[in-house]
Amino acid sequence: MVVRVQSAPFDPAGAIGGFATGCKRVGAIVTFTGIVRDLSGSPLKKMRIEHYPGMTEKAIMAMVDTATQRWSLRDCLVIHRYGDLEPGDTIMMVATATAHRSDAFAAAEYLMDYLKSRAPFWKKEITDQGARWVTAKDDDEAALGRW
Amino acid sequence: MVVRVQSAPFDPAGAIGGFATGCKRVGAIVTFTGIVRDLSGSPLKKMRIEHYPGMTEKAIMAMVDTATQRWSLRDCLVIHRYGDLEPGDTIMMVATATAHRSDAFAAAEYLMDYLKSRAPFWKKEITDQGARWVTAKDDDEAALGRW
Amino acid sequence: MRMIEVLYFAWLRERIGLPSETVETAAETVADLVEELRAREARYALAFSDLASLRVALDQELTTFDAPLKGAKEVAFFPPMTGG
Amino acid sequence: MRMIEVLYFAWLRERIGLPSETVETAAETVADLVEELRAREARYALAFSDLASLRVALDQELTTFDAPLKGAKEVAFFPPMTGG
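Protein chains in written order, with our numbering: chain A, 2 to 148; chain B, 2 to 148; chain C, 226 to 309; chain D, 226 to 309.
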């Protein structure tokens, strides 16, 4: 179980390859990769991600522990960046390894839902028109209800 | 949208990297990788996968078309092997790329459920005790009901 | 009477002992064709003894046993699929 | 009276104008501490005008505004998170 919170860019394919190589007696691996894209009307120049050092790692590790128990994870990797990112950059990734496919999917979706709304990150979009904080969506909060 | 049915081994991390590089204006990529593991009591020596050449590619492409419409896929990759595989070998992978994360997850799970029960592959487990055809699970058939 | 290519997969192929054969048939539906095959030899009768455990495709499209053969060139019989 | 480290993130940090400060407080609960902060200056009153749009963590654990401060060393205020 590895959690990395970093400003440095990373190569998701390389991280997935390393993760898969380290997994033994596993039948299913699910990965999610989140990428910066243009959400706003005016073209996005930067996505600035602020976080709460210390709490971020603890909060994510607690989610990973819950997922590990609940879906019998054999292994799990979470990488999340902070700092200034550009459109097309990878923001974060999650990888889950299990015996059965449905567990790998459920654990990855659970982690994504919780990372969205319970990990202390805040996104700010910077365009030619100025900067604005991304507001949390009601949908994202509601998504937690299914777990 | 790429569907590959092949006997040759492939590197899932490399395939994921190539897939991600080719995706433009995408916010979410989900991948599933299926790996041969010991399912039976006696140690598995080989997993032999038979398929129906021609129908396999058509059936998978039809699933990909349905998923593309339903979840607005920007891109999709399916690779499935046939022939003799050993424990630890990658059997198959699915990758979906979308604007929103929930679509990428749903499309990948849909494709997995349909590949399990509607793509013409048949698995045979070969152990020291002999060989046996893997039987389809009621759960796998039931999983189609949710779509 | 007309000719149709018949394919068998997985344990059905093993029980019948061949992967495919060209069959001369007067069958109107898949079920009629199965009856003709069953009547041939014991290994066919055994292989097709439980249709609930079999699936069928006409010209590479999944269908049901009551489907008409019409102009199909290829019919395939096999157990439930185990892909993924 | 005791000392507690107070952290602000995202737009709350921008409105208050600093990322953290050490505060001397007699507050029993998070809500009491918010009242003390609001009373300080207009920018605090403005920043904390709508608690429904804010979240709070005590010693890096999410909690609620009615939580007792007890021996907490660090309290953090921030808007709803937007990770992932």
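Backbone N, C-alpha and C define an ideal beta-carbon position, used for all residues, glycine too. The structure presented is a predicted model; accordingly, all values stated were derived computationally and were not measured.
Check                                                                                                                   : Outcome
M94/B - containing beta strand (DSSP E), residue span                                                                   : T91 to T99
is_contact[R119/B, chain C] using C-beta, thresh 8 Å                                                                    : yes
contact_flag[the region 15–23 of chain A, the region 68–86 of chain A] where n(CB pairs < 8 Å) is 3 or more             : yes
Three-state class that DSSP yields for T307/D in the structure shown                                                    : coil
Sheet register partners of I50/A (DSSP bridge)                                                                          : G84/A and K124/A
Cβ pair count under 8 Å reaching 3, the region 232–243 of chain C against the region 292–304 of chain C                 : yes
Under the three-state DSSP convention, the category V259/D falls into                                                   : helix
Cβ pair count under 8 Å reaching 3, the region 89–103 of chain B against the region 28–38 of chain B                    : yes
Nearest candidate by alpha-carbon position, reference W72/A, set G146/A, S8/A, A120/A and L112/A                        : L112/A
Residue(s) in a DSSP beta bridge with E239/D                                                                            : According to DSSP, which records beta bridges pairwise, E239/D is partnered with nothing at all.
Beta-carbon proximity of M228/D to T254/D, cut-off 8 Å                                                                  : no
When I36/B, T91/B and M2/B are compared against F20/B, the one with the closest alpha-carbon                            : M2/B
Residue range of the unbroken beta strand (DSSP E) whose run includes R102/B                                            : Segment R102 to R119 is the alpha helix (DSSP H) holding R102/B; no beta strand (DSSP E) there.
Start and end residues, alpha helix (DSSP H) containing G19/A                                                           : P13 to G23
Same chain, Cβ closer than 7 Å to I88/A, five either side skipped, listed in chain order                                : It should be pointed out that residue 88/A corresponds to Pro in this sequence rather than to Ile. So the list reads V37, R38, D39 and L45, once near-sequence residues are dropped.
Cβ separation of A256/D and F290/D, assumed to be a contact under 8 Å, to the nearest whole Å                           : 5 Å
Closest Cα partner of L294/D within the set L279/D, E249/D, L258/D and L276/D                                           : L258/D
Residue-level contact to chain B via CB, R48/A, 8 Å cutoff                                                              : In the sequence as displayed, the identity of residue 48/A is Met instead of Arg. Output row for M48/A: interface = no.
Residue closest to T67/A, alpha-carbon to alpha-carbon, out of A120/A, M56/A and A108/A                                 : A108/A
Separation of G242/D from A277/D, as counted between CA atoms                                                           : 21 Å
Residues from the region 21–44 of chain A in contact with chain B, defined by Cβ distance under 7 Å                     : A21, R26, V27, G28, A29, I30, V31, T32, F33, T34, G35, I36 and R38
Cβ neighbour criterion (16 or more within 10 Å) applied to E260/C                                                       : exposed
Among I61/B, Y53/B, A143/B and V65/B, the one whose alpha carbon lies nearest that of G84/B                             : Y53/B
Span separating the alpha-carbon of A1/B from that of D129/B                                                            : Outside the shown range of chain B (2 to 148) lies residue 1/B, about which nothing can therefore be said.
For S245/C and V231/C, the rounded distance between their alpha carbons                                                 : 5 Å
Residues of its chain near K125/B, where Cβ-Cβ distance is below 6 Å and the 5 sequence neighbours each way are ignored : R49, A132 and W134
For T34/B, three-class secondary structure by DSSP                                                                      : strand
Spatial distance of R82/B from E110/B (CA atoms)                                                                        : 19 Å
Partner residues on chain A for E110/B, Cβ-Cβ distance less than 7 Å                                                    : F106
Alpha-carbon to alpha-carbon, Q285/D and M93/A                                                                          : 21 Å
Unbroken beta strand (DSSP E) run spanning V281/D, endpoints                                                            : R280 to L283
P13/A: contacting residues in chain B (beta-carbon distance under 7 Å)                                                  : A21
Cα-Cα separation between P121/A and S43/B, rounded to whole angstroms                                                   : 47 Å
Straight-line gap, T91/B to R268/D (C-alpha atoms, nearest Å)                                                           : 58 Å
Of the residues G23/A, L74/A, Q70/A and A98/A, the one placed nearest F33/B, counting alpha carbons only                : A98/A
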